[in-house]
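Below is one structure; the comments refer to it alone.
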Amino acid sequence: MTIPVPPRTRAQESRAAIERIYVIMRHLFIRGYYKPGGASGAALRQALLTLQPEIYGSIADPQKVELNGLVYVIDRLPCGIEMCRFVKLVAAEGYSQSGFETIVPAKRRRNCYRIDQETMLIEITRGRSEIYDILT
150 MTIPVPPRTR
160 AQESRAAIER
170 IYVIMRHLFI
180 RGYYKPGGAS
190 GAALRQALLT
200 LQPEIYGSIA
210 DPQKVELNGL
220 VYVIDRLPCG
230 IEMCRFVKLV
240 AAEGYSQSGF
250 ETIVPAKRRR
260 NCYRIDQETM
270 LIEITRGRSE
280 IYDILT
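Under the working numbering, think of the first position of the sequence shown as 150, with each following residue one higher.
Dropping the structure here:
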């Protein structure tokens, strides 16, 4: 005999998505780098689509085109990050005195350094909210 399982409520789905995002963030922070096109990027994307944060508007609805969420995210990213294959999250370890040009996003006070054609370092000083901004 099979026990019927009721469908999950929106609150249950959101809670599970938040837990997945938290686990992914911790994993990526410990690992120290992030590839958006990799397995962790796909898992993060799926969790965010399930969660559907308000700041991204109706990004999960394929019938609607809304750019406010995209503008919100882009304003908080450093210039040139879209050309980098690797983004490394680092502590403030003296990169400001290393000779690399400091890149500060328009709407975030976070130091970023482009160290070569494919790699950008992002200093994490304020915790999870910064990591969330970068990963999303």
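From the three backbone atoms N, C-alpha and C, an ideal C-beta is built for every residue, glycine too.
Beta strand (DSSP E) containing residue i: first to last residue?
i: residue 272; result: 268 to 272
Under a Cβ-count criterion, where at least 16 other Cβ atoms within 10 Å of its own Cβ denotes burial, should residue i be classed as buried or exposed?
i: residue 175; result: exposed
i: residue 269; result: buried
i: residue 156; result: exposed
i: residue 241; result: exposed
i: residue 193; result: buried
i: residue 171; result: exposed
i: residue 180; result: exposed
i: residue 173; result: buried
i: residue 233; result: buried
i: residue 261; result: buried
i: residue 153; result: exposed
Residue i lies in the alpha helix (DSSP H); which residues open and close that run?
i: residue 150; result: It is not in any alpha helix (DSSP H) - residue 150 carries neither H nor E in the DSSP assignment.
i: residue 158; result: Note, residue 158: premise wrong, no alpha helix (DSSP H); not H, not E.
i: residue 190; result: 188 to 200
Among the candidates the options, whose CA atom is the shortest distance from the CA of residue i?
i: residue 238; options: 162, 173, 273 and 185; result: 273
i: residue 165; options: 187, 199, 190 and 262; result: 199
i: residue 162; options: 197, 179 and 228; result: 197
i: residue 159; options: 167, 259 and 228; result: 167
i: residue 231; options: 154, 151 and 186; result: 186
Under 9 Å, do residue i and residue j count as touching if we go by C-beta distance?
i: residue 184; j: residue 249; result: no
Review point. Along the chain, which unbroken stretches of the beta strand (DSSP E) at least 3 residues long are found entirely within the stretch 222 to 275?
Key: 235 to 239, 261 to 263 and 268 to 272
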